[in-house]
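Everything in the sequence shown is counted per the numbering used here, starting at 9 for the first residue and increasing by one.
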Amino acid sequence: MDKPEKIINAEQAYAQMARLCSRKECCVWDVWQKLKRMSVSEEDAGAIIDRLKKGRYIDEARYTRNYIHDKVAFNKWGSMKIVLSLRQKQIPAEVIDAAFEEFTESQLSESLPQLLEAKKRTVKGNSPYEINGKLIRYALGRGYPMKEVLRCMREMNLNELPDETE
Numbered sequence: 009m010d011k012p013e014k015i016i017n018a019e020q021a022y023a024q025m026a027r028l029c030s031r032k033e034c035c036v037w038d039v040w041q042k043l044k045r046m047s048v049s050e051e052d053a054g055a056i057i058d059r060l061k062k063g064r065y066i067d068e069a070r071y072t073r074n075y076i077h078d079k080v081a082f083n084k085w086g087s088m089k090i091v092l093s094l095r096q097k098q099i100p101a102e103v104i105d106a107a108f109e110e111f112t113e114s115q116l117s118e119s120l121p122q123l124l125e126a127k128k129r130t131v132k133g134n135s136p137y138e139i140n141g142k143l144i145r146y147a148l149g150r151g152y153p154m155k156e157v158l159r160c161m162r163e164m165n166l167n168e169l170p171d172e173t174e
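See the structure below:
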């Protein structure tokens, strides 16, 4: 549980946030939450965020591109899960769409076959149909679209796939 941080003035808060944003990418929502925990007034928080944007410490487009890259490369997330996560961080839809345009479909789904192969080795089931159902649920939980999951499973020559109904 987060403990409330000590109350500081706006200039100290700006210095702390500039230091934080220079070490790692942050979005406006992340900084806003941090300032809120620091008991900075909303007026001061807005001014601090504006200063951080002007100093290019915060750039939502840059943050979104890097976030997508990291979640695809390291967490093996699908596009749907990434979009939901970015929406939770209150990133505007047009920024999300613009960032996704920089990635190809193959880049976004290149880790799906390896994920399914690894999961297939650990899944237990009474029939191939049951095993494939578990694999599909796993991939959907990772944020991959159903159409992409079924295409990948067909390429892997898995039997007894459910019909594609969309």
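We put the CB at the ideal spot given by N, CA and C, even for glycine. Note that the structure is predicted; figures quoted are calculated from it, not measured.
Alpha carbon to alpha carbon, what distance is there between V103 and V91? Taking the straight line from one Cα to the other gives about 11 Å.
Going by CA-CA distance only, name the one from E138, S119, K32 that's closest to Y65. Just measuring C-alpha positions, the residue of E138, S119, K32 sitting nearest Y65 is K32.
Boundaries of the alpha helix (DSSP H) in which M25 is found, first to last residue: That run of the alpha helix (DSSP H) goes 18-31.
Helix, strand or coil for E174? Go by DSSP, reduced to three states. A caution first: E174 carries a pLDDT of 44, below 50, which makes its placement in the model unreliable, though a value can still be read off. DSSP places E174 in coil when its eight states are reduced to three.
Residue environment, S117, which counts as buried when at least 16 other CB atoms sit within 10 Å: Buried is the call here.
Measuring CA to CA, which of H77, C34, G151 is closest to I99? Closest in C-alpha terms to I99, from the list H77, C34, G151, comes C34.
Tell me whether Y75 is buried or exposed, calling it buried when 16 or more other Cβ atoms sit within 10 Å of its Cβ. Buried, since its Cβ has 16 or more Cβ neighbours within 10 Å.
Every unbroken beta strand (DSSP E) within the region 125-163, with a cutoff of 3 residues, ordered by chain: The qualifying runs do not exist here; there are none.
CB I6 to CB A81, shorter than 8 Å? Because the chain in this structure spans residues 9 to 174, residue 6 falls outside the shown range and cannot be described.
Just how far apart, CA to CA, sit L143 and E109? Put simply, the backbone Cα of L143 is about 28 Å away from that of E109.
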